[in-house]
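What the sequence shown shows, in UniProt numbering, is residues 1 to 207, in sequence order.
Built from N, CA and C at the ideal position, the CB exists for glycine as well.
Below is one structure; the comments refer to it alone.
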Amino acid sequence: MHAMQYAITLPADYDMETIRHRVKSKGPLLDAFEGLGLKAYGIRERGVDGSPVNQYAPFYLWADPDAMNRFLTGDGFRALVRDFGRPAVLNWQGLYHRSGPAAGRPPRAFTRRIEPLPESADAATAIERARTGHEQLAAADGVHTTALGLDPRRWELVHFTLWADPVPESAAGERFQVLHLSAPGAGRPVAGPQAGTDRQPGVERQS
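Here you go:
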C-alpha cells in the first residue's frame with residue numbers, strides 16, 4: 001500500500017458547501033478505480049475541531065503505484081488543477097495497513113499525524129514502535145482503517161486513521177471530516193454521512 005495526500009487551502013470566507021457539492025457529485029466516480037485501495041474525501045473547516053483553515057485534503061491508499069501515476073496524469077486530476085491550481089502531492093511508502101472493528105460502517109472522520117524522525121533517532125526502532133502502536137489501534141472500537149507510511153526523503157512517518165465513531169479526545173493529529181469514501185480495494189464503496197451514493201460513469205474524471 002502506498003499513501004498519498006494533497007491539500008487545497010481555501011479562503012477563510014470560502015463556502016465549504018461548494019466542496020460538499022463537488023464531492024457528492026464526483027466522489028462516486030472513483031468507487032471502482034482499479035488499483036485504488038481507498039480515497040477518503042477529507043475536509044477541514046475553519047474553527048471546527050481546532051482547524052485554522054478551510055481545506056480540501058483527500059487522503060489515498062493505493063494498492064498499485066501505477067494506478068496512482070495514472071490518476072495523477074489523468075483527466076480528473078487535470079480538472080482539479082484547472083479549478084484550484086496544481087498542489088504539492090505528498091506520498092509515503094506503506095509500512096502498515098489494517099482494517100478495524102468498524103470497517104463495515106461509513107467513516108465520519110480521519111486523523112493524520114506527521115512524525116519527523118530526528119537524525120539522532122534509530123529509524124528501525126522508531127518504525128517498529130509506530131507499527132506496534134498501529135497494531136493496537138487497529139483493534140480499537142470505532143476504528144475503520146489505520147495505516148502507517150514513511151517518506152525516506154524527509155524521514156518522516158505519517159499516521160492515518162479512519163474513524164466510524166467520533167474521534168476520541170486522546171487521538172493525536174489533525175482532524176478531517178470525511179464526506180465520502182471510495183474503497184474499491186476493500187471490495188465495495190462506502191459512502192460518508194454527507195455523501196451521495198449513486199454510482200456514475202467515467203471514473204477517470206474524478207479529483
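message: Buried or exposed for residue 5, going by 16 or more other Cβ atoms inside 10 Å?
response: buried
3 or more residues per run - each beta strand (DSSP E) lying fully within the region 117-171: 143-151 and 156-163
query: Is the number of C-beta pairs between the region 74-83 and the region 127-143 that are closer than 8 Å three or more?
result: no
message: Ignoring anything shorter than 3 residues, give me the beta strand (DSSP E) runs that lie fully in the region 56-114, in order along the chain.
response: 59-62 and 89-99
field: Per DSSP, the bridge partner or partners of residue 6
entry: 89
- prompt: Is the beta carbon of residue 170 less than 8 Å from the beta carbon of residue 30?
  reply: no
message: Going by the DSSP bridge assignment, what does residue 174 pair with across the sheet?
response: 112
task: Taking 8 Å as the threshold, find out whether the region 112-122 comes into contact with the region 31-40 through three or more Cβ pairs.
output: no
task: Kindly indicate which three-state DSSP category residue 25 falls into: helix, strand or coil?
output: helix
task: Out of 27, 101 and 43, state which residue places its alpha-carbon closest to the alpha-carbon of residue 16.
output: 43
- prompt: Which residue or residues does DSSP assign as beta-bridge partners of residue 43?
  reply: 56 and 177
task: Tell me, to the nearest whole angstrom, how far the beta carbon of residue 107 is from that of residue 163; I am working on the premise that it is less than 8 Å.
output: 6 Å
message: Measuring only the C-alpha atoms, how far is residue 197 from residue 180?
response: In this prediction, residue 197 has a pLDDT of 33, which is less than 50 and means its spatial position is unreliable; nothing more can be read from the coordinates.
task: Consult DSSP for residue 37 and reduce its assignment to one of helix, strand or coil.
output: strand
message: Quick check on this structure: which residue in 154, 18 and 100 has the alpha carbon closest to the alpha carbon of residue 165?
response: 100
message: Here's a check: name, in chain order, each residue in its chain whose Cβ is nearer than 8 Å to the Cβ of residue 58, leaving out the five neighbours to either side.
response: 5, 6, 39, 40, 41 and 42
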